[in-house]
Amino acid sequence: MHVRVGVARTTAAAVAAVVGVSVVAGCSAPEDQVPSIGYALDNVVTTYNARTVDGAASGARQAFPRVQTGFGYLGPEGEALADNDIGSAVVVPGDVLTVRYVIAPQAVYSDGVPMTCDDLVLTWAANSGRFVAGANDLPLFDAASTAGYKDIDQVACAAGAKEATVTFRAGRSYTDWRSLFGATDILPAHVAARVGGVPDVVTPLASGDMDAISRIADFWNTGWNLTPGAIDTSLLPSNGPYRVDSYTDDGGLVLVANDKWWGIAPATERIVVWPKGTDIQARADADELEVLDQGAGNTVPSDGFASTDFPSTGVEQLTFATSGTLAPSAARRAIALCTPRQPLFDSHGHPGFDDTTGVGSGVVDSRLVGPSDLFYPPVAATAAGRFRQPDTATATAELDGAGIGDLVVRIGYLAPDPRRAQIVADIAAACAPAGITVQDAGSPQFSPTSLRAGSVDAVLGSTASASGAAGSVSEATAHDSLHSGAGSNVGGYAGGRIDAIVDQLSVETSNASRLSLQTEGENILWNDMPSLPLYNAPRTLAVAEGMDNVVVNPTAAGAGWNMDRWILLR
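Below is the structure:
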């Protein structure tokens, strides 16, 4: 017997209780359980590495949270929660922030190799920004974000050991340290060592052997890329309840139970992840799809599914190039001035829910503070009501004052996406009277690095230019995407004072100081306009009849955060 639970929109505090279908214990015989569940994303899965620039914007964090586990995970209320199956993380008393990580003795990868502190060393090294080369000191590792990891002074680890001591730099006690070394952050160091031709990653990273480090970085950057029909599972060992079994266009990304997993066994033996581009209705008709985690406005199967619409912690936004035709800040302000942010929210920002306060309640007027933060109202007030309705006269004046003639702006996004296509069309219509031509540059091959390469002039996406699920309660990812040199700062924005503000916010504990920094930062950002926030990105979770334990998660982890608890009864 199945019992349906209501699917009305809820607040973040109650979101953990939202499910599509619930099961009353004892009502169903074991033979009723279906051994495979199909899970569709609104994003591509092109890499096993969710920490590269393209990987962070992809669906890797939705697909692999229970394949690549860590010391924490993003829970359904948006905060990092401890994962005790992996081990423990305890602060060591002292003058500087020091955390002792102990890996569970039984922790082992699916290929039989033990999980060791080498994995933490590689995670830190790849995401620290410390290892650079060339005349311009460019990072060897193509990390999307260095937030938190760049504040670590050292990771004390004896190669092959089960514990490590992580010491932060003096004065850099990163407040969100519990989010570090979490799910989809940690990748198998023994694979990188093997491919890089070194006995372990710890020795060359400690000694500064740049030749060996370069080989390790080259593999970390691209060696975990995934091409359907051509994957090498020996490169993809898992330390979670599931492991990658296969990946093909016709068969999807198949995750199967990891027989080396030492924790509670997954409730369902097999999860098939269907990436963007899948024919949703056809897969549902073939009983190959039971869970959809996607942006609002995308296809939901016509029969047998219950849908929940909700605002995510990610913020839908335009991220602008700060070079080329949009190099003058006046050009970026002109686009912001003609963009109909309030009408866009009214038409696209709150389908299926209508909150009056907090996340999802209106246009977002801050890049540094989320709408659920107590400081949001005073910080958002720096926008002073500007950039809400199209202001053609002021937009034209900005262009004229900077000596800019007719402006062409190509807006890119991962297509097909009906909602984003309509947003671009609405912006184009509103900006045309100001002499700004907006072109739809959406493409199935789009990635945020297209902005860095100059193929588009702006990205329409969520926090840090993510194409799908994004965000968390922590603002670290959003902040880092504004920091000069950060991989996720695909627009190339460089503001020295903003760098200093972002760096200070990551360690600041004084509320008065935080409010002052955030207010100052927003005043700068509304003038420089490296990005234009719109509203919390609306998302839809749809589940088929008979599904149990599928829980809304409004963060970058999406519904996949607890896929090992999913059950399908028919």
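Residue numbers (mature numbering (1 follows the signal peptide of the UniProt record, and there is no 0)): -16 to -1, 1 to 554. Beta carbons are placed, not taken as given, at the ideal position from N, Cα and C, and that holds for glycine.
(request) Starting from the Cα of THR292, find the closest Cα among GLN278, LEU398, GLY180 and give me that residue. (result) With distances taken between Cα atoms, THR292 lies closest to GLN278.
(request) Could you name each continuous beta strand (DSSP E) segment of 3 residues or more that falls completely within the region 54 to 79, going from the start of the chain to the end? (result) Counting only runs of 3 or more, we get 56 to 58, 64 to 66, 71 to 76.
(message) Closest to TRP545 by C-alpha separation, out of PRO19, ASP67, ALA450, GLY39, would be which residue?
(response) Cα-wise, what sits closest to TRP545 is ASP67.
(message) If I measure Cβ to Cβ from PRO172 and keep anything under 7 Å in the same chain, skipping five residues before and after, which residues do I get?
(response) For PRO172, the CB contacts under 7 Å within the same chain, skipping 5 residues up- and downstream, are TYR93, ASP103, PRO221 in chain order.
(request) Starting from the Cα of ARG325, find the closest Cα among PHE294, ALA412, PHE289 and give me that residue. (result) When the alpha-carbon of ARG325 is set against those of PHE294, ALA412, PHE289, the nearest one is in ALA412.
(request) For GLN373, collect the residues of the same chain with a Cβ closer than 7 Å to its Cβ; drop the 5 residues on either side in sequence, then sort them by chain order. (result) Within its own chain, the residues whose Cβ lies closer than 7 Å to the Cβ of GLN373, once the five positions on either side in sequence are excluded, are PRO324, GLN326, listed in chain order.
(request) Might you give, ordered along the chain, the residues of its own chain that have their beta carbon closer than 7 Å to the beta carbon of ARG404, omitting 5 neighbours on each side? (result) Taken in chain order, the residues that qualify are TYR397, GLY426, LEU444.
(message) If you reduce the DSSP assignment to three classes, tell me which class GLN429 lands in.
(response) In the structure shown, GLN429 sits in coil (DSSP, three-state: anything other than H, G, I, E or B).
(request) Could you spell out the range, first to last residue, of the alpha helix (DSSP H) harbouring GLU272? (result) Annotation for GLU272: no alpha helix (DSSP H) segment contains it, and DSSP assigns it neither H nor E.
(request) Could you spell out the range, first to last residue, of the alpha helix (DSSP H) harbouring THR461? (result) THR461: member of the alpha helix (DSSP H) spanning 460 to 464, first to last residue.
(request) Tell me, please, which residues DSSP counts as bridged to GLN423. (result) When beta bridges are read from the DSSP output, GLN423 appears opposite ARG394.
(message) Using a 10 Å radius around the Cβ and a threshold of 16 neighbouring Cβ atoms, would you call ARG481 buried or exposed?
(response) Exposed: under 16 other Cβ atoms inside 10 Å.
(request) State the Cα-Cα distance for the pair ASP483 and THR107, rounded to the nearest angstrom. (result) Each residue's Cα considered, the two are about 23 Å apart.
(message) With H, G and I counted as helix, E and B as strand and the rest as coil, what does DSSP make of ARG254?
(response) Shown here, ARG254 sits in a strand according to DSSP, grouped into three states.
(message) Which residue marks the beginning of the beta strand (DSSP E) containing PHE499, and which one marks its end?
(response) Sequence inspection shows Leu at residue 499; the Phe mentioned does not correspond to that position. Not the beta strand (DSSP E): LEU499 falls in the alpha helix (DSSP H), residues 495 to 512.
(message) Taking its Cβ as the centre, do 16 or more other Cβ atoms sit within 10 Å of PRO225, making it buried, or is it exposed?
(response) So PRO225 ends up on the buried side.
(message) So, for SER356: in the same chain, excluding its five sequence neighbours on each side, which residues have a beta-carbon less than 6 Å away from its beta-carbon?
(response) For SER356, where only same-chain residues beyond five positions count, the Cβ hits under 6 Å are GLY342, VAL343.
(message) How far does the beta strand (DSSP E) with GLY298 in it extend, from its first residue to its last?
(response) First-last of the beta strand (DSSP E) with GLY298: 289 to 304.
(request) Report yes if the CB atom of THR539 is closer than 9 Å to the CB atom of THR297, and no otherwise. (result) Yes, Cβ-Cβ distance for THR539 and THR297 is below 9 Å.
(request) Could you round the C-beta distance between LEU210 and VAL29 to whole angstroms and report it? I think they count as a contact, below 8 Å. (result) 6 Å between Cβ atoms; contact.
(message) Give me, in chain order, the residues of the same chain whose beta-carbon lies closer than 6 Å to that of ASP548; leave out the 5 immediate sequence neighbours on both sides.
(response) ARG50, PRO225, PRO250, listed in sequence order.
(request) Indicate the three-state DSSP secondary structure (helix, strand or coil) for ARG227 in the structure shown. (result) Strand.
(request) Pick out the complete beta strand (DSSP E) segments inside the region 131 to 180, 3 residues or longer, and give them in chain order. (result) If we require 3 residues or more, the beta strand (DSSP E) runs fully inside the region 131 to 180 come out as 136 to 140, 147 to 152.
(request) Could you please give the first and the last residue of the uninterrupted alpha helix (DSSP H) stretch that includes ILE200? (result) Segment 194 to 202, the alpha helix (DSSP H) holding ILE200.
(message) Relative to the C-alpha of SER500, which candidate in ASP229, VAL353, ARG114 has its C-alpha closest?
(response) Taking only the C-alpha atoms, the option nearest SER500 is VAL353.
(message) Mapping the DSSP letters down to three states, classify VAL185 as helix, strand or coil.
(response) Here VAL185 sits in coil by DSSP.
(message) Which residue marks the beginning of the beta strand (DSSP E) containing VAL238, and which one marks its end?
(response) Residues 236 to 241.
(request) Kindly list the residues whose CB is nearer than 6 Å to the CB of ALA448, restricted to its own chain and excluding five residues on each side of it in sequence; keep chain order. (result) So the list reads THR461, SER465, SER472, once near-sequence residues are dropped.
(request) Measure the C-alpha to C-alpha separation of GLU393 and ILE255 and round it to an integer number of angstroms. (result) At residue 393 the sequence reads Val, which differs from the Glu that was named. Note on geometry: alpha-carbon atoms of VAL393 and ILE255 lie some 41 Å from one another.
(request) Just the C-alpha distance for ALA311 and ILE319, rounded to the nearest angstrom, thanks. (result) Spanning the two alpha carbons is a distance of roughly 13 Å.
(request) State the CB to CB distance for the pair residue 562 and THR366, rounded to an integer number of angstroms; the pair is presumed to be in contact (CB under 8 Å). (result) Outside the shown range of the chain (-16 to 554) lies residue 562, about which nothing can therefore be said.
(message) Which residues does DSSP list as the beta-bridge partners of VAL86?
(response) According to DSSP, VAL86 shares a beta bridge with SER72, GLU147.
(request) Measure the CB-CB distance between ALA305 and ALA386 and report whether it falls below 9 Å. (result) The answer is no: Cβ separation not under 9 Å.
(request) Counting only the same chain and skipping the five closest in sequence on each side, list residues whose C-beta sits under 6 Å from that of ASP184. (result) Counting only residues of its own chain and dropping the five nearest sequence neighbours on each side, ASP184 has a CB closer than 6 Å to the CB of ASP102, ALA143, ALA177.
(request) With distances taken Cα to Cα, identify the nearest neighbour of ALA88 among VAL80, ASP487, TRP245, GLN406. (result) Put simply, of VAL80, ASP487, TRP245, GLN406 the residue whose alpha carbon is nearest the alpha carbon of ALA88 is TRP245.
(request) Give the DSSP-derived three-state secondary structure of LEU122 in the structure shown. (result) If DSSP states are grouped into helix, strand and coil, LEU122 belongs with the strands.
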